[in-house]
Amino acid sequence: MGKRKLPNYDKPVLSVTHAKLERASEESAYRSRCPLCAGQLLGLRDQVSLQLLRQDRCVRCGQPFEYIDDEIAGEKLPAAGGPLMKGAT
Ligand SMILES: [Zn+2]
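Letter by letter, the sequence shown follows residues 81 to 169 of the working numbering.
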């Protein structure tokens, strides 16, 4: 509370093709430029399995994204439409 939310934080998820996004850095195959604000998408990983996730969020505008690619930089993404994250059970 008291923390200002990013403008697109509560917007509906945008489906994008990671491979078609502009890379944000030549040093990372995962970082992309946000098509809305040119901020960065870092590429999120599951904190436990380190599996690359389909879901991502722009660090500047807060827009949530979902990648529709089968893999990113040779790493397989979880099956489309699967659980967002593994439950704790
Ligand atoms: Zn953005």
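For glycine and all other residues, C-beta sits at the position ideal for the given N, C-alpha and C.
- Apart from sequence neighbours up to five positions away, the residues of its chain that approach residue 98 with a beta-carbon distance below 7 Å are 112, 147, 149 and 152, ordered along the chain.
- Taken in chain order, the complete beta strand (DSSP E) segments of 3 or more residues contained in the region 115-169 are 135-137 and 144-147.
- Under the DSSP assignment, residue 94 falls in the beta strand (DSSP E) whose first and last residues are 94-96.
- The beta carbon of residue 94 sits closer than 6 Å to those of 145, all from its chain and outside the five residues before and after it, given in chain order.
- In terms of CA proximity to residue 134, 156 leads the group 116, 86, 105 and 156.
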